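Residue numbers (the numbering used here), protein chains in the order written: chain A, 691 to 877; chain B, 691 to 877.
There are 2 protein chains.
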Amino acid sequence: MPKASSSESLPRTRSGVAVGPREQNAPKKGRRLDLFRFVPFRLNRLAAEVSAALASEYQERYGLDIPEWRVLATLGFRNEACSAQYVADCTRTHKSTISRAVTALMERHLVERVENEKDRREFRLRMTRKGDALYEQLIPRLLRREQEILSCLSAREQKDLAAMLGKIEQSLDLVQTSREADAKQAY
Amino acid sequence: MPKASSSESLPRTRSGVAVGPREQNAPKKGRRLDLFRFVPFRLNRLAAEVSAALASEYQERYGLDIPEWRVLATLGFRNEACSAQYVADCTRTHKSTISRAVTALMERHLVERVENEKDRREFRLRMTRKGDALYEQLIPRLLRREQEILSCLSAREQKDLAAMLGKIEQSLDLVQTSREADAKQAY
DNA sequence: CTAAGATAGTCCCACTTGCAACTATCTAAA
DNA sequence: TTTAGATAGTTGCAAGTGGGACTATCTTAG
Numbered sequence: 691m692p693k694a695s696s697s698e699s700l701p702r703t704r705s706g707v708a709v710g711p712r713e714q715n716a717p718k719k720g721r722r723l724d725l726f727r728f729v730p731f732r733l734n735r736l737a738a739e740v741s742a743a744l745a746s747e748y749q750e751r752y753g754l755d756i757p758e759w760r761v762l763a764t765l766g767f768r769n770e771a772c773s774a775q776y777v778a779d780c781t782r783t784h785k786s787t788i789s790r791a792v793t794a795l796m797e798r799h800l801v802e803r804v805e806n807e808k809d810r811r812e813f814r815l816r817m818t819r820k821g822d823a824l825y826e827q828l829i830p831r832l833l834r835r836e837q838e839i840l841s842c843l844s845a846r847e848q849k850d851l852a853a854m855l856g857k858i859e860q861s862l863d864l865v866q867t868s869r870e871a872d873a874k875q876a877y
Numbered sequence: 691m692p693k694a695s696s697s698e699s700l701p702r703t704r705s706g707v708a709v710g711p712r713e714q715n716a717p718k719k720g721r722r723l724d725l726f727r728f729v730p731f732r733l734n735r736l737a738a739e740v741s742a743a744l745a746s747e748y749q750e751r752y753g754l755d756i757p758e759w760r761v762l763a764t765l766g767f768r769n770e771a772c773s774a775q776y777v778a779d780c781t782r783t784h785k786s787t788i789s790r791a792v793t794a795l796m797e798r799h800l801v802e803r804v805e806n807e808k809d810r811r812e813f814r815l816r817m818t819r820k821g822d823a824l825y826e827q828l829i830p831r832l833l834r835r836e837q838e839i840l841s842c843l844s845a846r847e848q849k850d851l852a853a854m855l856g857k858i859e860q861s862l863d864l865v866q867t868s869r870e871a872d873a874k875q876a877y
């Protein structure tokens with residue numbers, strides 16, 4: 691008898707009826723929604739699955755979680771010291787999450803930080819040689835994985851997909867983030 | 691002086707250098723990875739953003755969280771009683787999460803459940819009239835939202851996008867889930 | 001019939017993450 | 001200069017979530 695308290699007090703249909711009791715009713719008048727055709731749901735599921743596929747690379751092999759990987763990816767790509775806030779803006783990750791990721795990366799000596807003379811509130815983050823080495827190892831693996839995942843699409847389709855993602859991102863104002871962040875950076 | 695303990699013990703570059711200290715090094719030899727062109731990252735970010743856009747509908751207006759919404763969506767679409775396990779399989783959500791969602795929905799009398807005579811371990815879930823009414827209100831809103839989000843794409847592009855998502859899902863074995871769940875259901 | 005293993009569902013625990021408060025610092029305006 | 005408000009970063013706290021243990025039930029093999 692699971693959940694004795696709440697379930698007992700809820701309305702119970704008389705038992706004996708195995709099939710759903712909706713048959714008497716007319717078929718739904720309103721539109722129904724097929725989850726499997728619903729793009730938001732599909733995106734969620736797909737993103738989760740793709741993340742899981744990549745996690746085996748950076749998580750199992752290198753002990754990085756997603757926020758940590760995002761910090762490295764940002765530092766590695768920009769190839770220039772930038773602030774934690776900048777990483778947060780770029781990756782759309784909460785600053786507290788980035789803060790914890792940076793702490794972990796510093797403890798592993800993969801990242802170091804330098805006080806910014808111009809603004810002593812912030813720190814310039816950059817990879818250590820060790821972090822750099824890890825990055826150099828990791829990137830090809832991830833790119834290969836990405837290609838594996840997309841290999842079910844033709845080159846043309848891959849391009850189209852990227853373009854369509856871009857359009858949606860733009861219409862959702864997801865793209866400006868990087869530009870804004872760059873603007874705010876003001877080196 | 692934040693993080694007195696760990697940060698002090700970490701290597702610190704001599705201050706005074708405002709620009710990144712990587713300039714001396716040769717530009718990276720290995721491939722770099724642009725997060726903004728990296729599909730897994732883009733999917734993650736996009737999914738999060740789209741979810742947030744929809745959350746304003748079912749969360750703020752109807753007090754539903756994502757797992758609860760998924761339960762309703764599954765029940766509403768199949769228009770037939772089904773088990774919590776089935777919902778979990780379909781939506782690729784952990785069964786404990788579905789269990790909690792069902793409990794919450796039952797407390798709000800949006801969903802009820804009937805013992806299955808054939809298999810007394812499981813319960814047949816179905817929406818109450820109240821849940822049905824909410825569903826009927828919610829669906830058009832969500833479909834409208836989806837259309838708004840996709841409105842930056844032409845009809846042709848929307849179709850193509852759906853097809854490409856389908857291909858990727860298939861190659862990741864995300865699609866079989868519904869079929870398998872149907873098979874397991876065995877009404 | 002019995003025993004071993006599978007399955008549905010619930011719940012405890014640990015982990016992650018976002019929120020919000022807090023400190024330190026910077027900026028702008030009086 | 002002083003003060004009010006913004007910003008960078010850290011941390012405590014609470015909510016959500018998955019893993020796994022657990023119970024009850026079913027199934028299958030002996």
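The beta-carbon is built from N, C-alpha and C at its ideal position, and this holds for glycine as well. Nothing here was measured: the structure is a model prediction, and the numbers come from that model.
Comparing alpha-carbon positions, the option among A:C842, A:Q848, A:M817, A:M854 lying closest to L765 (chain A) turns out to be A:M817. By the criterion of at least three beta-carbon pairs nearer than 8 Å, the stretch 811–828 of chain B is in contact with the stretch 762–782 of chain B. Using a CB distance cut-off of 8 Å, D724 (chain B) counts as an interface residue toward chain A. E805 (chain B) and A823 (chain B) have their C-alpha atoms spaced approximately 24 Å apart. Annotation for V801 (chain A): V761, L762, L765, V792, L795, L815, R816, M817, T818, G821 place their beta carbon closer than 8 Å to its own, counting only its chain and skipping 5 residues before and after.
Neighbours of P730 (chain A) across chain B, judged by C-beta separation under 9 Å: A737, V740, S741, A743, L744, L832, R835, E836, I839. Rounded to whole angstroms, I858 (chain B) and S786 (chain A) show a C-alpha spacing of 33 Å.
At a beta-carbon threshold of 8 Å, none of the residues of chain A lie near K785 (chain B); the nearest stands roughly 13 Å away. Between L851 (chain B) and L843 (chain B), the C-beta spacing is below 8 Å.
DSSP, reduced to helix, strand and coil, places C780 (chain A) within a helical segment of the structure shown.
In terms of beta-carbon proximity, S773 (chain B) stays away from the interface with chain A, with every pair separated by 8 Å or more. Spatial neighbours of R798 (chain A) in its own chain (CB-CB distance under 7 Å, excluding positions within 5 residues in sequence) are not present. Rounded to whole angstroms, R834 (chain A) and A745 (chain B) show a C-alpha spacing of 34 Å.
Contact of I788 (chain A) with chain B is not assigned, every C-beta pair being separated by 8 Å or more. G766 (chain B) belongs to the set of residues whose beta carbon lies under 8 Å from a beta carbon in chain A. When rounded, the separation of the alpha-carbon atoms in E838 (chain B) and E807 (chain B) is 45 Å. A straight line joining the alpha-carbon of I788 (chain B) with that of R803 (chain A) spans about 43 Å. The DSSP assignment places 801–805, 813–817 as complete runs of the beta strand (DSSP E) inside the stretch 782–845 of chain B, in order along the chain (cut-off: 3 residues). Contact check for L828 (chain B) and Y748 (chain B): beta-carbon distance about 6 Å, within the 8 Å limit, so the pair qualifies. Chain B has no Cβ within less than 8 Å of the Cβ of D755 (chain A). If you check each beta-carbon in the stretch 843–860 of chain A against every beta-carbon of chain B, the ones closer than 9 Å belong to L843, E847, Q848, D850, L851, A852, A853, M854, L855, G856, K857, I858, E859, Q860. Contacts between A778 (chain B) and chain A, judged by CB atoms closer than 7 Å, are missing: the closest CB pair is about 13 Å apart.
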